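Colleague:
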Amino acid sequence: MRHNFVPSVIFSLGKEIYHYVGEDIVIYESAEPFGGVMWPAALALCSFLESNKHAVNLEGKTILELGAGTGLVSIVATLLGGVVTATDLPQVLSNLKANVMRNTRGRCRHTPQVAPLSWGFDLEHTYPSSVYRYDYVLAADLVYYHDYLDELLATMKHFCQPGTTLIWANKVRFE
0 MRHNFVPSVI FSLGKEIYHY VGEDIVIYES AEPFGGVMWP AALALCSFLE
50 SNKHAVNLEG KTILELGAGT GLVSIVATLL GGVVTATDLP QVLSNLKANV
100 MRNTRGRCRH TPQVAPLSWG FDLEHTYPSS VYRYDYVLAA DLVYYHDYLD
150 ELLATMKHFC QPGTTLIWAN KVRFE
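Read in numbering that gives the first Met the number 0, the sequence shown has 93 at position 94, and its numbers run on one by one without any break.
#1: Out of Glu64, Gly119, Ile16, point me to the one whose CA is closest to tyrosine 135's CA.
#2: What number of angstroms, rounded off, separates the C-alpha of arginine 106 from the C-alpha of serine 93?
#3: If I follow the unbroken beta strand (DSSP E) through glycine 29, where does it start and stop?
#4: Got a sec? Which residues, its chain only, sit under 7 Å from asparagine 102 by beta carbon, not counting five neighbours each side?
#5: Rounded to the nearest angstrom, what separates valine 8 and aspartate 149 at their Cα positions?
#6: Along the alpha helix (DSSP H) that carries aspartate 140, what are the first and last residues, could you check?
#7: Taking Cβ to Cβ, would you say tyrosine 19 is nearer than 9 Å to leucine 95?
#8: Run through DSSP, which three-state label would tyrosine 147 get?
#9: Would you please state the rounded distance, in angstroms, between the beta carbons of alanine 76 and leucine 57? I believe it to be under 8 Å.
#10: Suppose you measure from the CA of leucine 48 to the CA of histidine 124; what does that come to, to the nearest Å?
#11: So is glycine 59 buried or exposed if we call it buried at 16+ other beta carbons inside 10 Å?
#12: If you draw a straight line from the alpha carbon of alanine 114 to that of glycine 21, how long is it in whole angstroms?
#13: For a quick check, are the C-beta atoms of valine 82 and isoleucine 166 less than 9 Å apart?
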């Protein structure tokens, strides 16, 4: 039996159209306080990936995006040929998945995955490092408040094994 995904976005702030990798990318923002809006570092990271696509060759590489939010970075990484898993908190996944699927369906060799991920210290149980290995870990504007920095760093340490490249774009807002 085939099930069609129907996003459960209750409120949308509007849509924005971005242009990367020769494609128009339509992003719907939501009312989520952090994962539902476009942050400046996501745009900077997308520009970096596109401008440096020969030096940072994502073609066929396994990629994990932490705190994917609206999904723009994961979409661009998928359009650049990556095998992408976009992650965020469970309450953000509906809009994230809708944006990712809308902008990659029929355009990419690899279908991106969307998965829940709460940062923390005990990830080995749900994401065993022997199974979840990535060539790249991408992150953009993850830390608005530094209250979760320890959990984020533990999560990065868990997924960044030898051979993994971490690309993290962030605006420092608080000292």
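Cβ coordinates follow ideal geometry from the N, Cα and C atoms, glycine included.
Just so it is clear, the structure is predicted and the values come from calculations on it, not from any experiment.
Modeller: So, to answer that:
#1: For the residues Glu64, Gly119, Ile16, the minimum Cα distance to tyrosine 135 belongs to Glu64.
#2: One C-alpha to the other measures close to 21 Å.
#3: The question names glycine, yet the displayed sequence has serine at residue 29. Counting along the chain, serine 29 sits inside the beta strand (DSSP E) bounded by residues 22–29.
#4: For asparagine 102, the CB contacts under 7 Å within the same chain, skipping 5 residues up- and downstream, are Ile24, Val25, Ile74 in chain order.
#5: At valine 8 the pLDDT is 42, less than 50, meaning the model places this residue with poor confidence; the figure from the coordinates comes in the next sentence. Cα to Cα, the separation comes out at about 31 Å.
#6: Aspartate 140 -> no alpha helix (DSSP H), and no H or E assigned at all.
#7: Not a contact, by the Cβ cut-off of 9 Å.
#8: Correct three-state label for tyrosine 147: helix.
#9: Indeed they touch by this definition, with Cβ atoms about 6 Å apart.
#10: Rounded to whole angstroms, the separation of the alpha carbons of histidine 124 and leucine 48 is 32 Å.
#11: By the 10 Å Cβ count, glycine 59 comes out exposed.
#12: C-alpha separation (whole angstroms): 27 Å.
#13: Cβ distance not < 9 Å, so valine 82 and isoleucine 166 don't count as in contact.
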